[in-house]
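Numbering (the numbering used here), first residue to last: 301 to 438. From the three backbone atoms N, C-alpha and C, an ideal C-beta is built for every residue, glycine too. Since the structure comes first, as structure tokens, the remarks are kept for the end.
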Amino acid sequence: MDYTDYSQYYPFPLEDDEYRQNPFQGPPGQQPGFPGGFGPPGQPPGFPSGGGQQGGAPTSPPPSFTPQPQQATTFAVDPGAIRGCLFRNTYVWLRNGRSFWFYPTFVGRTSVAGWRWRNWRWTYYGTDLNRIRSFRCF
């Protein structure tokens, strides 16, 4: 039996820009769990350690406009910069060209997690900071 395809067991839909490894086995040199090493083994992926989700989903949709990107960052986004957007509507532009409304609730050293607006609802989401080209909070 081949257990290398975890997508059938993964609780959230995956996209090309999201974590595709075994959710309980981190990349070489990182702790097990979600990108950036947060989340102990055996805990569902995408949930930081220390009591699960840090704040619930927003109770209303994001703004109805799509902001224009500001200057792109050259390297990974600084965790201190995006930390100022915690619990605020934030528009994110990824390096792969995708962009979306995001409501961050956790910022780690190398990753961010929170609520992403997708298909007219909020879904829990996390990504490595180096996947983010730029962001703007409101």
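Each of A413, P367, F438 was checked against the Cα of G356, and the nearest Cα belongs to A413. In the DSSP secondary-structure assignment, V412 is bridged to V407, T427. By the criterion of a C-beta distance shorter than 7 Å, S360 is surrounded by no residue of its chain, once the five residues flanking it on both sides are discounted.
Counting along the chain, R383 sits inside the alpha helix (DSSP H) bounded by residues 379–383.
Sequence-distant partners of S399 (beyond 5 residues in either direction) whose C-beta falls short of 6 Å from its own C-beta, in its chain, are W393. Burial state of F406 is buried, judged by a 10 Å Cβ sphere holding 16 or more other Cβ atoms.
In the structure shown, T390 adopts extended strand secondary structure according to DSSP, grouped into three states.
Collapsing the DSSP output to three states places W420 in coil. In the three-state scheme derived from DSSP, where H, G and I count as helix and E and B as strand, S360 is classed as coil. When secondary structure is reduced to three states using DSSP, F400 falls in the strand class. Under DSSP, F435 forms a beta bridge with V392. Rounded to the nearest angstrom, the Cβ distance from W415 to P363 is 14 Å, too far for a contact under 8 Å. Within its own chain, no residue has a Cβ closer than 6 Å to the Cβ of T427 once the five positions on either side in sequence are excluded.
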